[in-house]
Amino acid sequence: MKILVIEDEPEIRKDIVKFFAEENYIVEQAEDYHTAREKIGVYEYDCILLDIGLPGGDGLSLLQELKSENKNGGVIIVSARSSLDDRVTGLNLGADDYLSKPFHMAELHARVKSLIRRKSHHGSSIIDINELRLDTEQRTASVNGTEIQLNRKEFDVLLYLAANKNRLVNKSALAEHVWGDHIDEVNSFDFIYSQIKNLRKKLKDHHTGVEIHAIYGVGYKLTDQ
Amino acid sequence: MKVLNYTTSYFAAILLVIITVWAGIFYYAMLDEIYDSIDDGLDNQKGLILQKLAVDTSILQKSGFDEGDYSIIKSVAPQYKAEDRYIDTMMFMQNEQDFEPIRMLQTGFYSHGNYYQMQVITSMVEEDDLVKELLYALLWLYLGVITIILFLNNILLKRIWGPFYHLLKQLKNFRLEEPEIEVKSTNIDEFRLLNEAVQKMVKSNISSYISQKHFIENAAHELQTPLSISLNKLEALAETVQLTEKESELLVSVLNNLERLTRLNKSLLLLSKIENRQFLSEEQVQINALVRTSIADFADQLEYSEISVSLVEKNTVDVLMNRDLAVVMINNLIKNAIVHNYRGGNIQILIAERKLSITNTGKNEELNSGLMFTRFNKTRQSETSIGLGLAIVKAIAELFNFDISYTYNDEHIFSVIFGN
């Protein structure tokens with residue numbers, strides 16, 4: 001899987017590149033409009049992360065160019081303008097997804113994975129972790145053909161953690177992903193704990209070989225050990 | 001009191017005093033002149049009578065006034081007074097059938113070895129009639145002057161004060177969001193200066209308001225990147241290093257605060273975008289559906305907090321507004337009702353004719369409804385609350401001309417009346 005990170009802020013670019021490299025993606029980077037254009041012209045990417053806030057406002061024109069060239073790769077817009085309207089504009093221009101800064105790496109990762117799943121025709125909607133099988137299309141979880149009864153939110157939590165397998169997922173990243181942006185102020189995420197508890201029990205009861213660890217105060221990690 | 005009426009009332013009072021004093025002086029001056037002229041007449045008559053006496057002594061027998069205007073009475077030496085004395089007295093008048101004031105000259109003379117006393121009379125002005133006439137005349141004058149002043153005020157002063165009232169009207173309708181002050185040109189220096197001063201003040205206020213708005217927006221934007229970097233680095237740190245519990249606690253605290261800062265930042269950005277009117281698209285939004293969706297979205301939190309929700313839909317409410325902001329508004333209101341509730345409490349949502357009201361249990365005291373919707377008001381302290389939720393609701397309500405209110409009736413009630 002090949003990813004192009006177009007981001008002018010060096011620290012953020014570095015972090016993204018490092019994160020995806022660790023996840024065994026092939027990551028290329030471009031810090032400005034020209035470099036990005038060159039790379040897009042020459043190579044094919046499965047996913048392009050585009051900061052539309054590039055100096056000079058070239059981000060959106062880059063997106064238009066990309067779309068007019070009919071490139072296959074998906075585009076996720078990353079923007080410091082977290083306005084609801086900007087999101088609509090970006091998506092109307094042909095971006096596949098929109099993420100506003102600041103964002104959690106786990107969220108970006110989940111979006112990239114989901115995008116790649118949707119984009120690749122031969123790709124499967126099945127995620128296997130040890131005995132656990134997640135079907136992202138049917139939205140079901142099963143072990144050796146036996147379905148694990150999960151409610152909608154439990155499945156979302158599991159899928160999100162699975163997408164970030166063996167990675168620490170910040171609890172607020174998880175909460176925002178599953179319960180939406182408006183979750184932020186409610187109950188200090190205490191209730192997530194009860195959801196995770198149920199999920200853990202189900203995973204254990206079905207001998208999935210998958211475990212969710214709570215990392216004190218920070219978040220959760222799904223492991224296949 | 002309007003400035004026009006104010007000046008008029010002052011004029012009225014001053015005129016009353018001036019005219020009264022003037023009337024007194026005028027009255028006595030006139031009376032004095034009348035006496036003077038009557039007394040001259042009496043004196044002249046006395047001379048004529050004495051001349052007549054020289055040729056006709058028969059008039060010495062005229063001891064009564066009768067048809068004439070003098071009488072002569074023989075006197076004796078001890079009572080005799082030769083000097084002239086003018087006296088005001090009364091006499092019965094046949095035509096009036098009443099006693100009327102007269103002026104009388106008493107004098108004495110010596111003739112043919114005898115002393116005589118003579119009285120010459122003439123009709124005098126009736127003072128009470130004079131006063132009455134004068135009073136009426138002055139009253140009419142006074143009323144006339146006041147009427148003319150009122151009339152002039154209303155025509156002249158109104159025209160003169162026109163630019164002032166125009167400016168006043170403009171200031172009354174002035175809103176920072178729609179800064180339009182248009183003044184009437186005038187030749188009057190004071191009003192021209194006032195117009196200029198107001199325009200200058202408004203201009204500088206608007207520019208500082210705009211620059212402040214931009215500052216908030218820019219600051220919030222610029223904060224996004226460092227926040228993003230810090231959060232990512234901390235998460236990376238939490239992942240790569242095996243932390244002790246103590247270290248972990250510190251890390252979590254930093255993370256939580258950074259996240260809080262992030263939320264604050266996002267809310268500020270949203271607020272300034274609402275106030276900058278950057279949400280242009282409007283559509284018919286079905287409030288009922290949005291409320292139901294919102295309740296469903298919060299279902300897990302509600303269940304966790306054991307808060308029950310009842311929704312009563314009396315009407316279907318469709319409102320022309322921006323859809324995203326409608327979602328934000330309803331979510332914030334419901335979130336507010338959850339955050340400031342207690343375990344086992346309840347929330348009642350009522351959708352009626354152009355109205356949405358959300359009632360929640362909570363602290364047993366009325367909250368300051370004046371501060372309720374202001375930014376960073378922490379009357380409802382909550383450790384995770386950033387105090388912008390209701391300010392955002394208010395900004396949205398103002399943008400679409402909705403009425404938003406808070407009342408307390410053992411429970412906290414927030415109502416939105418949809419305008420249009």
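Protein chains in written order, with my numbering: chain A, 1 to 225; chain B, 1 to 420. Even for Gly, the Cβ is constructed at its ideal location relative to N, Cα and C. These numbers come from a predicted model, not from an experiment.
Best match in the options for proximity to residue i [C-alpha to C-alpha]
i      : options                           : result
N276/B : S211/B, L264/B, N232/B and I287/B : S211/B
L231/B : I392/B, N205/B and L261/B         : L261/B
L251/B : L199/A, E131/A and Y216/A         : Y216/A
E227/A : I16/A, M105/A, M1/A and Y220/A    : Lying before the first or after the last residue shown, residue 227/A is absent from chain A, which here runs from 1 to 225.
I116/A : C47/A, G180/A, V27/A and D128/A   : C47/A
I274/B : S207/B, I392/B, P226/B and R323/B : I392/B
K67/A  : T146/A, Y193/A, G90/A and D15/A   : G90/A
E11/A  : E23/A, P102/A, Y160/A and A36/A   : P102/A
E398/B : T407/B, T361/B, M321/B and G344/B : M321/B
I334/B : D189/B, R343/B, I347/B and D324/B : I347/B
A23/B  : F11/B, L138/B and A289/B          : L138/B
T407/B : G370/B, R375/B and I295/B         : G370/B
D224/A : A162/A, N198/A, L174/A and W179/A : A162/A
A326/B : I73/B, E259/B and V416/B          : V416/B
K71/A  : K153/A, S120/A and S114/A         : S120/A
S281/B : G387/B, D324/B and R292/B         : D324/B
K201/A : I76/A, S79/A, E154/A and H109/A   : E154/A
C-beta neighbour in chain A for residue i, strict 8 Å
i      : result
A397/B : no
I229/B : yes
L152/B : no
Q224/B : yes
Q301/B : yes
V285/B : no
L356/B : no
V252/B : yes
Y304/B : yes
H412/B : no
N232/B : yes
S272/B : no
L255/B : yes
S310/B : no
D340/B : The sequence shown places His at residue 340/B, not Asp. Output row for H340/B: interface = no.
H221/B : yes
T262/B : yes
D189/B : no
D318/B : no
Neighbour flag for residue i against chain B, beta carbons, 8 Å
i      : result
R37/A  : no
K201/A : no
V211/A : The amino acid occupying residue 211/A in the given sequence is Glu; Val does not appear at that position. False, the Cβ-Cβ gap to chain B never drops below 8 Å.
Q195/A : yes
R167/A : yes
N170/A : yes
M105/A : yes
D224/A : no
D97/A  : no
Rounded straight-line distance, which links the Cα of residue j to that of residue i
i      : j      : result
V339/B : T316/B : 27 Å
V312/B : I349/B : 6 Å
I38/B  : G113/B : 31 Å
E67/B  : T8/B   : 57 Å
E283/B : I358/B : 23 Å
D84/B  : L134/B : 32 Å
K197/A : L234/B : 25 Å
K204/A : E211/A : 7 Å
P55/A  : N218/B : 15 Å
I14/B  : V145/B : 12 Å
V42/A  : V309/B : 57 Å
E366/B : H207/A : 53 Å
A175/A : F400/B : 31 Å
* Asked: Do the stretch 22 to 33 of chain A and the stretch 244 to 252 of chain B touch if we need at least three Cβ pairs shorter than 8 Å?
  -> No: the two stretches stay apart, fewer than three of their Cβ pairs being nearer than 8 Å.
* Given 8 Å, three or more beta-carbon pairs between the stretch 117 to 131 of chain B and the stretch 90 to 108 of chain B -> Because the criterion of three Cβ pairs below 8 Å is met, the stretch 117 to 131 of chain B and the stretch 90 to 108 of chain B touch.
* To do: Say whether the stretch 129 to 143 of chain B touches the stretch 97 to 104 of chain B, bearing in mind that this needs 3 or more beta-carbon pairs closer than 8 Å, one atom from each stretch.
  => Touching, no.
* Asked: Okay, do the stretch 5 to 12 of chain A and the stretch 46 to 54 of chain A touch, 3+ Cβ pairs below 8 Å being the bar?
  -> They touch, by the three-pair rule.
* Asked: Can you list, in chain order, the stretches of the beta strand (DSSP E) that have 3 or more residues and sit fully within the stretch 261 to 330 of chain B?
  -> Here the runs fully enclosed are 283 to 286, 308 to 313 and 318 to 321.
* Any chance the stretch 211 to 227 of chain B sits against the stretch 178 to 196 of chain B, with 3 or more Cβ pairs inside 8 Å? -> Touching, no.
* **Length-filtered (4 minimum) alpha helix (DSSP H) runs lying within the stretch 158 to 187 of chain A** => Qualifying alpha helix (DSSP H) stretches, in chain order: 171 to 179.
* Fully enclosed by the stretch 159 to 187 of chain B, which beta strand (DSSP E) runs are 3 residues long or longer? -> The stretch 159 to 187 of chain B contains no complete beta strand (DSSP E) run of 3 or more residues.
* If we count Cβ pairs, one from each stretch, closer than 8 Å, do we get three or more for the stretch 44 to 58 of chain B versus the stretch 154 to 169 of chain B? -> No, the stretch 44 to 58 of chain B is not in contact with the stretch 154 to 169 of chain B.
* Three or more C-beta pairs closer than 8 Å, one from the stretch 129 to 138 of chain A and one from the stretch 193 to 210 of chain B: is that the case here? -> The stretch 129 to 138 of chain A, when compared against the stretch 193 to 210 of chain B, does not touch it at the 8 Å Cβ threshold.
* Does the pairing of the stretch 299 to 311 of chain B with the stretch 190 to 198 of chain A give three or more beta-carbon distances under 8 Å? -> Yes, the stretch 299 to 311 of chain B touches the stretch 190 to 198 of chain A.
* Inside the stretch 112 to 138 of chain A only - beta strand (DSSP E) runs reaching at least 3 residues -> Secondary structure in the stretch 112 to 138 of chain A: the beta strand (DSSP E) runs of 3 residues or longer, each lying completely within the stretch, are 126 to 129 and 132 to 135 in chain order.
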